[in-house]
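Visitor: Read in the working numbering, the sequence shown has 1614 at position 294, and its numbers run on one by one without any break. We put the CB at the ideal spot given by N, CA and C, even for glycine.
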Amino acid sequence: MRNPLSERIVDIPFSGIRKFFDIAAEMKDVISLGVGEPDFDTPWHIRDEGIYSLEKGKTAYTSNAGLKELKMEIARYLKRRFEVSYDYDKEMMITVGGSEAIDMALRAMLDPGDEVLIPQPSYVSYVPCTVLANGKPVIIDLKEENDFRLTAEELEEAITPKTKILVLPFPNNPTGAIMERGDLEAIAKVVIEHDLYVISDEIYAELTYLDDHVTIASLPGMRERTVLINGFSKAYSMTGWRLGYACAPEAILEQMLKIHQYAIMCAPTTSQYAAVEAVRNGDADVAEMRQEYNGRRRYLVKRLRDMGLTCFEPYGAFYAFPCIKKFNMTSDEFATRMLQEEKVVVVPGTAFGDCGEGYLRISYAYSLHKLKEALDRMEGFVEKYGEA
1321 MRNPLSERIV DIPFSGIRKF FDIAAEMKDV ISLGVGEPDF DTPWHIRDEG IYSLEKGKTA
1381 YTSNAGLKEL KMEIARYLKR RFEVSYDYDK EMMITVGGSE AIDMALRAML DPGDEVLIPQ
1441 PSYVSYVPCT VLANGKPVII DLKEENDFRL TAEELEEAIT PKTKILVLPF PNNPTGAIME
1501 RGDLEAIAKV VIEHDLYVIS DEIYAELTYL DDHVTIASLP GMRERTVLIN GFSKAYSMTG
1561 WRLGYACAPE AILEQMLKIH QYAIMCAPTT SQYAAVEAVR NGDADVAEMR QEYNGRRRYL
1621 VKRLRDMGLT CFEPYGAFYA FPCIKKFNMT SDEFATRMLQ EEKVVVVPGT AFGDCGEGYL
1681 RISYAYSLHK LKEALDRMEG FVEKYGEA
C-alpha cells in the first residue's frame, strides 16, 4: 500500500512545548508555569454579550470577512491606540485566532523558494507555517546582549535576493522582548531599501510595561508593506473564544480571504459578538490585567535574580527568559529534571528555536500565590545543583 502521508508534514516536528504538559498530566501536585494563557476569566460584560447573542439566536454564519460591526470597532481601536488607519471593508478580516492569520498571510504571499526571515527565539508556528506555504525559513538568532531585539544589522546580514517576508514577533513570546520606535524605524529603513514585506504579529501589543506599543505599520512607507496581526486571546483573556484579525493592503487581504473562504468559512459567530463588546468597552479590563501582570513580572524577575540566575528585563507579553547555562545542562534536561524532582513545569528555550538553548521560558500568567509556590520549589532545585 502506498504511503498515505505527505513527506512535508511528516518532516515537521511536533511542538516542543507539548512534551512537558503530557508528562505533567500523569503526575500529581504539579505546578505549571508553562502555558501562555491568562489565568483571568474573560470579563463578565464580554461573556454576557456572547450569552445574549445566543439567547437572541444569532448563531448563523457571518460574512467570510467577519461582522461589519466588529471590524468597524477594530478600525477605531487601531486608530485610537496605535495611530494606524485601515478600511474595515477592504483591508481587514476576522480570523480563528492570530495563528490562522499567520498561516493565511504566508500562504497568500509566498511562491516556492521564497525566503522568510524569522527572528528566534519566537512563537513555534512561524517555521512550520512557512514550510507548509512552500517557503524557506531563514532564522535570525536574537541575542541577549541586544535584549533579544532585532537589529537592522542582523536583518541586513540575513537578506538575500530570494528574501520576501520578515516576520516581526514583538512583543515577543518567549523572551518578553519589545521593539521601541527607534528600533522599528531602523528595521523599516532596511525593509523599504530591499523591497520586503512584514508580517507583524502583535498579539501581545496591549501587554507592554515600558511605553505604549508601536506598530511598524504606523511608520512612513510601511503600512503598504505590512500584514498586521492581532487578536483577543491575550489582552482580553479570550483564548478559548479563538478570535483574531488581520489588517493588510487590499491586494494581500483579498487573497487571504480566499483561503479563509475555502478552509474556514468564518470565525465563530458568538465570539465575534462578544469581541464587539471587548474592543468597545474593554479598555479598563485590559489596564487592570496589565497592572496585575506587571506586578507578577517584577516579582518573578526579582526572585530569579535572587536565585543567582541571569534574567534580562522583559518589557512585553507575560514571560521571562532566564539563562541556565551555568548548570551545564541542556534546557531540555533542566526542564525535565525540575519537573521530575520539583513538579514544576517550565518550557525549554529550544522549543522556540535552537538559539534558545541555555534558557527557559517561564510564564507569569498565574497568580502570585502559584508563582511563589513554584519559585520556592525552583529555588530548592537551583540550590541543589548550584554551580555544577
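For a quick check, are the C-beta atoms of F1638 and T1535 less than 9 Å apart?
Guide: Mapped onto the sequence shown, residue 1638 falls at position 318. Mapped onto the sequence shown, residue 1535 falls at position 215. Against a cut-off of 9 Å, the Cβ pair of T1535 and F1638 comes out as no contact.
Visitor: Measure the alpha-carbon distance for V1444 versus E1369 and round it to whole angstroms.
Guide: In the sequence shown, residue 1444 corresponds to position 124, counting from 1. In the sequence shown, residue 1369 corresponds to position 49, counting from 1. If I take the Cα positions, the gap works out to 32 Å.
Visitor: Quick one: using the 10 Å Cβ neighbour count with 16 as the cut-off for buried, is M1347 buried or exposed?
Guide: The residue labelled residue 1347 in the question sits at position 27 within the sequence shown. M1347 is exposed by the Cβ-count criterion.
Visitor: Answer with buried or exposed for R1617, where buried requires no fewer than 16 other C-beta atoms within 10 angstroms of its C-beta.
Guide: Within the sequence shown, residue 1617 is the residue found at index 297, counting from 1. So R1617 ends up on the buried side.
Visitor: Report the start-end ranges of each beta strand (DSSP E) in the segment 1336-1423 that is 3 residues or longer and not cut off at the edges.
Guide: For the segment 1336-1423, whole beta strand (DSSP E) runs of length 3 or above, ordered along the chain, are 1412-1415.
Visitor: Once the 5 residues before and after D1349 are set aside, which same chain residues still bring their CB inside 8 Å of it?
Guide: Numbered from its first residue, the sequence shown carries residue 1349 at position 29. Counting only Cβ-Cβ distances below 8 Å, and skipping sequence neighbours, we find K1663.
Visitor: Would you mind sorting N1492 into buried or exposed? The rule is 16 or more other CB atoms within 10 Å of its CB.
Guide: Position 172 of the sequence shown, counted from the start, is the residue given in the question as residue 1492. Buried, because 16 or more other Cβ atoms sit within 10 Å of the Cβ of N1492.
Visitor: Can you confirm whether the segment 1444-1454 touches the segment 1587-1598 when touching is taken to mean that 3 or more C-beta pairs between the two stretches lie within less than 8 Å?
Guide: Output reads no: the segment 1444-1454 does not touch the segment 1587-1598.
Visitor: From the DSSP output, which residues share a beta bridge with T1471?
Guide: Residue mapping note: residue 1471 aligns to position 151 of the sequence shown, counting from 1. None, per the DSSP bridge assignment.
Visitor: Is M1429 close to the ligand SAH? I mean its beta-carbon at under 8 Å from any heavy atom of the ligand.
Guide: In the structure on display, the ligand SAH does not appear, and there are no ligands present to speak of.
Visitor: Buried or exposed: where does Q1611 fall if 16 or more other Cβ atoms within 10 Å of its Cβ makes it buried?
Guide: The sequence position of residue 1611 within the sequence shown is 291, counting from 1. Flag for Q1611 reads exposed.
Visitor: Buried or exposed for V1665, going by 16 or more other Cβ atoms inside 10 Å?
Guide: Start at 1 with the first residue of the sequence shown, and residue 1665 comes out as number 345. With 16 or more Cβ atoms within 10 Å of its Cβ, V1665 is classed as buried.
Visitor: Just to confirm, is the Cβ distance from P1363 to A1497 under 9 Å?
Guide: What you label residue 1363 is simply residue 43 of the sequence shown in a count that begins at 1. What you label residue 1497 is simply residue 177 of the sequence shown in a count that begins at 1. No. Outside cutoff.
Visitor: Taking the straight line between their C-alpha atoms, what separation do you get for E1608 and A1555?
Guide: As a working note, residue 1608 is residue 288 in the sequence shown. As a working note, residue 1555 is residue 235 in the sequence shown. Using only the alpha carbons, I get a separation of about 10 Å.
Visitor: Throw me the rounded Cβ distance for the E1677 and G1669 pair, which I believe falls under 8 Å.
Guide: The residue labelled residue 1677 in the question sits at position 357 within the sequence shown. The residue labelled residue 1669 in the question sits at position 349 within the sequence shown. Indeed they touch by this definition, with Cβ atoms about 6 Å apart.
Visitor: For the alpha helix (DSSP H) that contains V1436, what are its first and last residues?
Guide: Counting from 1 along the sequence shown, the entry for residue 1436 is found at position 116. Element bounds for V1436: not the alpha helix (DSSP H) but the beta strand (DSSP E), 1435-1440.
Visitor: Out of S1405, P1642, A1587, which one is the CA nearest neighbour of S1538?
Guide: Within the sequence shown, the letter at position 218 stands for residue 1538. Residue S1405 is the option with its Cα nearest to S1538.
Visitor: Determine whether the beta carbon atoms of N1454 and D1434 lie at a separation below 9 Å.
Guide: Counting from one through the sequence shown, the residue named residue 1454 turns up at place 134. Counting from one through the sequence shown, the residue named residue 1434 turns up at place 114. Cβ atoms of N1454 and D1434: closer than 9 Å.
Visitor: Could you pull out every residue in the same chain whose Cβ sits closer than 6 Å to the Cβ of P1358, ignoring the five residues on either side in sequence?
Guide: Within the sequence shown, numbered from 1, the residue matching residue 1358 stands at position 38. Answer for P1358: S1557, A1685, listed in chain order.
Visitor: Do you know offhand how far A1694's Cα is from M1658's?
Guide: Numbered from 1 along the sequence shown, position 374 holds the residue referred to as residue 1694. Numbered from 1 along the sequence shown, position 338 holds the residue referred to as residue 1658. Looking at the two C-alpha atoms, the distance is approximately 11 Å.
Visitor: So, for M1698: in the same chain, excluding its five sequence neighbours on each side, which residues have a beta-carbon less than 6 Å away from its beta-carbon?
Guide: Stepping through the sequence shown from its first residue, residue 1698 is reached at position 378. For M1698, where only same-chain residues beyond five positions count, the Cβ hits under 6 Å are V1664.
Visitor: Closer than 7 Å by C-beta to T1480: which residues in its own chain qualify, once you throw out the five before and the five after it? Chain order, please.
Guide: The sequence position of residue 1480 within the sequence shown is 160, counting from 1. Once the five neighbours on either side are set aside, the close Cβ partners of T1480 are E1435.
Visitor: Would you report the Cα separation of W1561 and I1579, rounded to the nearest angstrom?
Guide: Your numbering for residue 1561 matches position 241 in the sequence shown. Your numbering for residue 1579 matches position 259 in the sequence shown. If I take the Cα positions, the gap works out to 21 Å.
Visitor: May I ask you to list the residues that DSSP assigns as paired with P1457?
Guide: Here residue 1457 corresponds to residue number 137 of the sequence shown, with the count starting at 1. In the DSSP output, where bridge partners are listed per residue, P1457 has V1436.
Visitor: Nearest-angstrom Cα distance between L1530 and Y1613?
Guide: Here residue 1530 corresponds to residue number 210 of the sequence shown, with the count starting at 1. Here residue 1613 corresponds to residue number 293 of the sequence shown, with the count starting at 1. About 13 Å.
Visitor: Report the residue from D1503, A1566, A1506 whose alpha carbon sits nearest the alpha carbon of S1520.
Guide: In the sequence shown, the residue the question calls residue 1520 occupies position 200. Of the candidates D1503, A1566, A1506, the one whose C-alpha sits nearest the C-alpha of S1520 is A1566.
Visitor: Hey, quick one: how far does the beta strand (DSSP E) through I1519 stretch, first residue to last?
Guide: Residue 1519 sits at position 199 when you count from the first residue of the sequence shown. Note, I1519: beta strand (DSSP E), 1517-1521.
Visitor: Considering only the beta carbon of each residue, do L1488 and V1518 sit closer than 9 Å?
Guide: Mapped onto the sequence shown, residue 1488 falls at position 168. Mapped onto the sequence shown, residue 1518 falls at position 198. Going by C-beta atoms, L1488 is nearer than 9 Å to V1518.
Visitor: Which same chain residues, not among the five before or five after Q1440, have their C-beta less than 8 Å away from its C-beta?
Guide: On the sequence shown, position 120 is the one that residue 1440 refers to. So the list reads I1459, I1460, D1461, L1462, F1672, G1673, D1674, C1675, G1676, once near-sequence residues are dropped.
Visitor: Is N1550 helix, strand or coil by DSSP?
Guide: If you number the sequence shown from 1, residue 1550 lands on position 230. Correct three-state label for N1550: strand.
Visitor: Three-state secondary structure (DSSP) at R1716?
Guide: As displayed, the chain neither begins before 1321 nor continues past 1708, which places residue 1716 out of reach and without an answer.
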